[in-house]
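Data block below; observations after.
Residue numbers (my numbering): 17 to 148.
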C-alpha cells in the first residue's frame, strides 16, 4: 500500500464522510475522476509547452473500459479498511474551525482540478485557433 501524505489522508477522510450512502465508491470514483483530469491536463501541457506527444486516443467504449480499469487500480492502491479506520481516528476530534478550513481546502483541490482541466483545454484551443 502507498504511504499517503496528511492532506491526501484528509481528502480521503472528507470524501468518505461526505455522504454515507456508498462511501468507498464515493472516494474511488471521485479520486479516479480527478486523477484522470489531472493526467490529461499534464499530457496537454507537456504537448503544448515541450512538444512531448503522449498518444492516449481513447474514445467511446474504450474510455469506459479505461475508466473502470483506472478505478480498479485506484481501489487496489488506495483502499485499505484498516488504514481508512486509522484516518477516522486521526481526524475524528477535529475542531469545527479545522473542519471548516479542511472542507474549504478539499473543495478547492477538487474544484480547482476541474477548473484547471477545462481552462487549459479552452485557453490552448483559443491560442491554436488564433494561429490559423
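By construction, the Cβ of each residue, glycine as well, lies at the ideal position given by its N, Cα and C atoms.
Since we're looking at a predicted model, the values are computed, not measured.
The residue from 27, 46 and 101 with its alpha-carbon nearest to that of residue 83 is 46. Its chain contains no residue whose beta carbon lies nearer than 8 Å to that of residue 123 once the 5 sequence neighbours on both sides are disregarded. Nearest to residue 65 by C-alpha distance, out of 136, 148 and 146, is 136. In the DSSP assignment, residue 39 falls within the unbroken alpha helix (DSSP H) covering 39 to 66. Ranked by Cα distance from residue 40, the first of 105, 101 and 134 is 101. Between the alpha carbons of residue 48 and residue 32 lies a gap of roughly 14 Å.
Contact between the region 104 to 123 and the region 66 to 85 is not established, with fewer than three Cβ pairs separated by less than 8 Å.
Residue burial annotation: residue 94 is buried, with at least 16 other C-beta atoms found within 10 angstroms of its C-beta.
Around the beta carbon of residue 92, fewer than 16 other beta carbons sit within 10 angstroms, so the residue counts as exposed. Of the other Cβ atoms in all chains shown, fewer than 16 fall within 10 Å of the Cβ of residue 35; this residue is therefore exposed.
With respect to the C-alpha of residue 24, the residue from 125, 86, 77 and 58 having the closest C-alpha is 125.
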